[in-house]
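Undergrad:
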Amino acid sequence: MKKEYLITSLFALFFSLAGFAQEKTITGMVTSEGVPLPGVNVLVKGTNNGVSSTFDGDYSITVDKSDAILVFSYLGFETQEIPVKGRTTIDVAMQESAESLDEVVVVGFGTQKRKDLTGAVETITSDDITKTPNTSLDQALGGQVAGVYIANRGGDAAAPINVRIRGVGTTGNNQPLFVVDGIPLVQTSNQTVNTGSNTESNPLATLNPNDIESINVLKDASAAAIYGARAANGVVIITTKRGKSGKAKITYDIYTTTATNRKRFDVLNTEQYIAYQAGLGEGHDFSQFSGSDTYDWQDAIYRTGNTINHNLGVSGGTDNANYSISAGYIEQSGIQLSQNFERYSFSANSDIKVGEHFKFGESFTFGSTDRLVQSEPGAAASFLSATNVPFFPIYNEDGSYTSANYDTVGDASWNTGDRQIVGLNDLENNETRVKTNRILGSIYGQVEFVKGLKYKFTAGLDYQVGEGQWYQAKYDFGDGEGNTTGTDLLVKERPIEKTVNVSNILTYDTSFGKNTLSLLLGHEETRFQFTKLRGQATDLLNSTVKLVNTGANSAANEEADEWAIRGYLGRINYNYDGKYLATFNLRRDETSRFSSDNRADYFPSFALGWRLSQEKFLENVDNLNNLKLRASWGQAGNQFTGANNAYISQLGLTSAYVLGGDQTVIIAPASVVLANPDLKWEKSNQTNIGADVTMFDNKLNFSVDYFMKDTKDILVGVPFPAVTGFALPTDVNLGEIKNSGLEFSVNYNNSLSDDFSYGISANFSTLKNEVADLGGFELLSGVFGSQISRTIEGESMAHFYGYKTDGLYQTDAEAAAALPDEDSFDGASAGDIRFVDVNGDGEITPDDKTNIGSPIPSYYYGLNLSANYKNFDFSIFFQGVGGNKIYNEARRELEGMEGYSNQSTAILKRWTGEGTSNSIPRLDAEGSNNNTRFSDRWVESGAYTRLKNIQIGYNFDAETLKNIFNGFVSNIRLYAGAQNLAVFTKYSGLDPEVTRAFSFQKGENNLSTGVDDGYASPQPVSIQFGARISF
């Protein structure tokens, strides 16, 4: 018996030891972006055995199988399952989840879980923002969000950007409302210097994109109507980075880029130009220059651009306090002369909790920008350089610019004036500089009276001080005759803008049974003040000391403006059993911009949601995580008119008075704007129907939305005849514009192994724009003295309005049979353009002008592809638009075949006889058929696909860094990238992404958009190298 007991005990001991031998302790560190992440759940899959990472991100867990799988999970991050595979050390880098159902999304005056959203809201993360070297954060919106279209004005750093959410709903301001940390921004065109050309800068360029945590785009009225009178064009909520509980996280980012122009105008060389001038038949014999070199004047304008960017950030905190501090610097030289941008930035955010019920904090950003910008006539230098005579040398032997005046050349008597060098001289001798210092900050205090009942007070300030200087130097033309520009000119402006915003928000969140209820009541008030001093003088005593009081003919003036808006708002969010969702918003706004009878109005919205995936009939559907249907209707407004206080008459000084016996002309005030006391809000009624689908353990996310946006009582400036004495248009409520479309977005992220993962993100949007009502009026607009666009009922807004063409007359017989043409100077000949008799009345008249295309894209899209293999990461981003047209004004000049300007090489394929061409007409110095009139000849497809960004990076192994730096450096990422490597388009101009100069507040360019005058430099091709180091 004892022997049997001994044997049994030995077997038990053996198996016990064997089992003990299978147990293994796994240790490691959990990080996010190289920083330790505390509180991460670490679980042995299929068991209840689990631990949490410590404050330092460390964990230790015992497993009893060598093939065990560890599951790492944390709210807001992707869950990771990692096989042990016999290892004893496993370090994990957690990745933030962009589409987690429990992700918290910032909405107006609060937050919501994504799964509970009933409105159309999309999010861009900080990684999306910083992946491309953007000067301003609104550049990050392009191609990233369905329903959002942006157009850059060329490659000039910090130039204004058009942002359009769900189409164009008004003839005036179409920019969305930007809200930074709860403070609505007032975007204006005041930070500039008036030179007669575009010198205004992007108002968002003072903000450092590296300071941004997320951008949430509220696209429908259900989400945006809580902002009432300023939400008709959508709302963009910008949240800056805040500290998180944990050790201090120090990061340093640096990148540098080198940029070059992608495309130039292809113009005639010397021999081609001489032949072209001879063919004009005006006696221009330049044969004496045959054999001369060809000088590319565009070389004198373009250069290699460079950017250097530094960012240093520190963040951290405890359970009761957190902080985030950062500083940044960027210097960027453009690809053309007189294009420079510099910014210093600083931000500091903090949150402090006192006890269990009180919390306060602040957000503070400071930005100082200095922008050197091209102004007239230097702003046209890039285009004028292409038109310069190619055999004129650019420089004399001493390095000065060559003579521009040739009184007699051959048999021709002509004089180019200063055109050859004026652009270059203006760029090198003149200076147009716009500086802006901006403080944007807020403080808040929040108290929780009882569980769920909170009150929050926020006060914000947006203070901008600008300094604009335009100096035109007096310089010698270099013609050997002492001719100069005549005099110098100095203009200085000092704009100051102050916006104060105060809000009081009371919220109550409660649950009872299966019901969840959130209530919000609030008050918000914004006051905007603006002043600007302007001084100018000529003939300065000393051009080095640029002071207005040192010149002659000095003058000064001052302007001021002020308005205020007050709102009362409420919101109800209801959730039953996580299945049935409802949201109701109501805001009442009062503005000083309208008369007392029309000053106040209400802006309601409501939305319903149904999470079908929570229903029993779908609970057993494999791979379905979420299926939600959404429907909403809402109303938002727009208060921005062409002039503040347009409901009352406005006076201006005029010299049109003649008084007294000697008929002396005097300066006196006169009414320049007719009052409109009936002026009221512009209102946008918006309907949205959508669905959200999440599948395959949250790997696949898909959303689709159909929207209708109907804007009524549009604020339009209507001009009066000059005989009335009213010099400026009067604002009226007129008409209705409709926009509708479909939006699709899809995201898919998957891991094929521990070492390899990939992601696909795409969006596609359609848009239909139509003017439903304009009260019988038509709005006509033009550029360079040519009428090009029309807005009328039944057509898209600001469509191009001109003649249609039908090839060329190939023979004299065809030309002799041409219809009578009111715009033809001397009749058609063989080789001239055949214009179409659209109305069929047997003659060509202005009545035959018709819609020849819309500048508004009918679809736009974006595609992001990414992959991670071990420590390497790769991403590529495409963006594009289609269905729109561009008026190529530059091509009209370069193919006009008139005067002495150089021409495009396209004219080498012009008509020279029957059958030689059916698109480019004959040479005709007299312009007898007016072939250059505005027609579909100059209107081209604006569709393009741009390879916007490509980047590859390498993250050094955490264990390697720990061994090398002894824990001092937690992460190093090196990366290289390229921007705008390729553009796939049929457009013949320099860049299909064009927009003319415009005003943020007035937005008058909406009636003459899609025009490429050749002045803006194309978006450059740039190569980027950078590093990110975390300590």
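Under mature numbering (1 follows the signal peptide of the UniProt record, and there is no 0), read the sequence shown as residues -21 to -1, 1 to 1010, first letter to last.
Quick reminder that beta carbons are idealized off the backbone N, C-alpha and C, glycines included.
Treat the numbers as computed from the prediction; the structure is a model and nothing was measured.
#1: Using CA atoms only, rank isn't needed, just tell me which of Tyr685, Lys662 and Asn655 is closest to Gly669.
#2: Does the segment 306 to 314 come into contact with the segment 372 to 379, if we say contact requires no fewer than three beta-carbon pairs (one atom in each stretch) closer than 8 Å?
#3: Since residue 1014 contacts Ser803 with CB under 8 Å, what's their CB separation in whole angstroms?
#4: May I ask you to report which of helix, strand or coil DSSP gives Gly943?
#5: Measuring alpha carbon to alpha carbon, tell me which residue in Asn847, Thr884 and Asp46 is nearest Ser732.
#6: When the Cα of Asp785 is compared with those of Val762, Ile771 and Ile823, which residue comes out closest?
#7: With DSSP as the reference, identify every bridge partner of Trp612, one or two as the case may be.
#8: Could you tell me if Arg66 is buried or exposed, where buried requires 16 or more neighbouring beta carbons within 10 angstroms of its beta carbon?
#9: Looking only at C-alpha atoms, which of Ala438, Ile418 and Thr466 sits nearest to Asn409?
#10: In whole angstroms, what separates the C-alpha of Leu520 from that of Asn285?
#11: Nearest CA to the CA of Glu757: which residue from Pro834, Glu715, Ala649 and Thr911?
#12: Go through its chain and collect everything with a Cβ distance to residue 1012's Cβ below 6 Å, but skip five positions before and after it.
#13: Rounded to whole angstroms, what's the CA-CA distance from Asp991 to Phe944? Just pull it up for me.
#14: Pro474 bridges to which residues according to DSSP?
#15: Please state whether the Cβ-Cβ distance between Arg566 and Phe582 is less than 8 Å.
#16: Between the Cα of Ile144 and those of Asp752, Asn928, Phe947 and Gly720, spot the shortest distance and give me the residue it belongs to.
#17: Which of the three DSSP states, helix, strand or coil, is assigned to Asn910?
#18: Can you tell which of Ser364, Ile865, Gly346 and Ala300 has the C-alpha that lies nearest to the C-alpha of Lys338?
#19: Quick one: residues in its chain with C-beta nearer than 6 Å to the C-beta of Thr964, no 5 flanking neighbours on either side, listed in chain order?
#20: When the distance is taken between beta carbons, is Gln123 closer than 8 Å to Ile103?
#21: Please report the residue range of the alpha helix (DSSP H) in which Glu253 lies.
#22: Are there 16 or more other CB atoms within 10 angstroms of the CB of His336, so buried, or fewer, so exposed?
#23: Opposite Glu542 in the DSSP bridges: which residues?
#24: CA-CA distance, Gly420 and Ala210?
#25: Suppose you measure from the CA of Leu22 to the CA of Ser32; what does that come to, to the nearest Å?
#26: Let me confirm a value: Asp107 is counted as buried when at least 16 other C-beta atoms fall within 10 Å, else exposed. Which label applies?
#27: Comparing alpha-carbon positions, which option in Ser730, Met776 and Phe735 lies nearest Ala751?
#28: Give the secondary structure of Leu606 by DSSP, where H, G and I count as helix, E and B as strand, and everything else as coil.
#29: Closest to Asn742 by C-alpha separation, out of Gly98, Lys24 and Tyr128, would be which residue?
#30: When the Cα of Asn528 is compared with those of Thr517, Asp272 and Asn288, which residue comes out closest?
#31: With distances taken between CB atoms, is the gap from Ile205 to Val85 smaller than 8 Å?
#32: May I have the straight-line CA-CA distance separating Ile886 from Glu874, to the nearest angstrom?
#33: Taking the alpha carbon of Ala238 as the reference point, which residue from Ala797, Lys198, Ser967 and Gln958 has its own alpha carbon closest?
#34: Check Arg870 in the structure and name its three-state DSSP category.
#35: Is it true that the segment 243 to 254 meets the segment 181 to 193, where meeting means three or more beta-carbon pairs spaced less than 8 Å apart?
#36: Based on the DSSP output, what are the partners of Asp752 in its beta bridges?
TA: Straight from the coordinates:
#1: Tyr685
#2: no
#3: With the chain covering only -21 through 1010, there is no way to say anything about residue 1014.
#4: The amino acid at residue 943 is misidentified as Gly; the sequence shows Ile. Ile943: helix per DSSP, three-state reduction.
#5: Asn847
#6: Ile823
#7: Phe585 and Thr666
#8: exposed
#9: Thr466
#10: 36 Å
#11: Glu715
#12: Any question about residue 1012 goes unanswered here, given that the chain covers just -21 to 1010.
#13: 54 Å
#14: Lys511
#15: yes
#16: Gly720
#17: coil
#18: Ala300
#19: Tyr923 and Pro971
#20: yes
#21: It is Ile, not Glu, that sits at residue 253 in the sequence shown. First-last of the alpha helix (DSSP H) with Ile253: Thr249 to Leu259.
#22: exposed
#23: Per the sequence shown, the amino acid found at residue 542 is Trp instead of Glu. Trp542 pairs with Phe507.
#24: 22 Å
#25: 11 Å
#26: buried
#27: Met776
#28: strand
#29: Tyr128
#30: Thr517
#31: no
#32: 6 Å
#33: Gln958
#34: helix
#35: no
#36: Glu715
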